[in-house]
Amino acid sequence: MAKVSSTEKEIILIAPCGMNCGICSSYLAYSRNIPKKRGKVGHCIGCRPRNKKCVYIKCHCPLLSNNSIKFCFQCDHFPCERLKHLDERYRKNYGMSMIENLKIIKLDGMEKFIKNQNKKYMCLKCGAKISVHNKICYDCKK
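Going by the numbering used here, the first residue of the sequence shown is number 891, and it counts up by one from there.
Now the structure itself:
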């Protein structure tokens, strides 16, 4: 079996909606083996690895459901109302835009997007990733 590079692992964690699952608090807790706590600490392996494509949009999007597109920006209706609603919530609550993420991926490419995400969400103390949801580093707890 071929070894998967760290860049390939990070690409797999970019959901169709533009969410970087690698900075999600549920993914970080799962990947760091932090015990689940109902209502406080969730676990998720990411949308693509668990074959959900996109938890919030897939069941409402026939193009994602039948694998016609890989990312929402590939759709003629981008951004759809469901994505706009999700984006608005993330802008307000977490200071992140999935629509902007998708525009960057489309314009600059995946590798540049991931490089910028790694820089933006890097813990200044230990260099690990911090969560977009709670701004906590799950490695050093700062």
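Think of the CB as a built atom: it goes at the ideal place given N, C-alpha and C, for glycine as much as any other residue.
Once the 5 residues before and after S915 are set aside, which same chain residues still bring their CB inside 6 Å of it? As a working mapping, residue 915 is identified with position 25 in the sequence shown. Here the set comprises S1021, H1023 and N1024.
Would you call the region 951–971 and the region 903–915 in contact, with 3 or more CB pairs under 8 Å? Yes: the two stretches touch, three or more of their Cβ pairs being nearer than 8 Å.
With a floor of 4 residues, list each alpha helix (DSSP H) that falls wholly inside the region 1000–1032, ordered by position along the chain. Counting only runs of 4+ residues, the alpha helix (DSSP H) found wholly inside the region 1000–1032 occupies 1000–1010, in chain order.
Is it the case that the Cβ atoms of Y1028 and I924 are separated by a distance below 8 Å? Start at 1 with the first residue of the sequence shown, and residue 1028 comes out as number 138. Start at 1 with the first residue of the sequence shown, and residue 924 comes out as number 34. Taking 8 Å as the Cβ cut-off, Y1028 and I924 qualify as a contacting pair.
How is the alpha helix (DSSP H) around K974 delimited, first residue to last? Position 84 of the sequence shown, counted from the start, is the residue given in the question as residue 974. Its alpha helix (DSSP H) spans residues E971 to Y984.
Could you check which residue in L954, H975 and N1008 has the C-alpha nearest to that of D857? Shown here, the chain extends from 891 to 1032; a query on residue 857 therefore has no answer.
Measuring straight from C-alpha to C-alpha, what distance separates I904 and I913? The count along the sequence shown starts at 1 and reaches residue 904 at position 14. The count along the sequence shown starts at 1 and reaches residue 913 at position 23. Their Cα atoms are separated by approximately 10 Å.
Starting from N923, trace the alpha helix (DSSP H) in both directions and tell me its first and last residue. As a working note, residue 923 is residue 33 in the sequence shown. Per DSSP, N923 belongs to no alpha helix (DSSP H) and is neither H nor E.
When you compare the CB positions of D998 and I989, do they come within less than 8 Å of one another, or not? Here the question's residue 998 lines up with position 108 in the sequence shown. Here the question's residue 989 lines up with position 99 in the sequence shown. Not closer than 8 Å, so no.
For V931, which option in C951, F968, S921 and L992 has the closest C-alpha, if you only look at C-alpha atoms? Residue mapping note: residue 931 aligns to position 41 of the sequence shown, counting from 1. Closest option to V931, Cα to Cα, is S921.
What are the start and end residues of the alpha helix (DSSP H) that includes P952? Here residue 952 refers to the residue found at position 62 of the sequence shown. Taken as a continuous stretch (DSSP letters only), the alpha helix (DSSP H) holding P952 covers P952 to S955.
Distance between beta carbons of I902 and G936, contact taken as under 8 Å: Along the sequence shown, one-based indexing puts residue 936 at 46. Along the sequence shown, one-based indexing puts residue 902 at 12. About 7 Å separates the CB atoms of G936 and I902; that is less than 8 Å, so the two are in contact.
Cross-strand partners of N910 (DSSP beta bridge): For the purposes of this step, residue 910 is identified with residue 20 of the sequence shown, where counting begins at 1. Bridge partners of N910: I904.
What residues in its chain sit with their C-beta under 6 Å from that of M1000, if we drop five residues either side in the sequence? Here the question's residue 1000 lines up with position 110 in the sequence shown. Excluding its 5 nearest sequence neighbours in each direction, M1000 has C-beta neighbours in its own chain below 6 Å: I901, listed in chain order.
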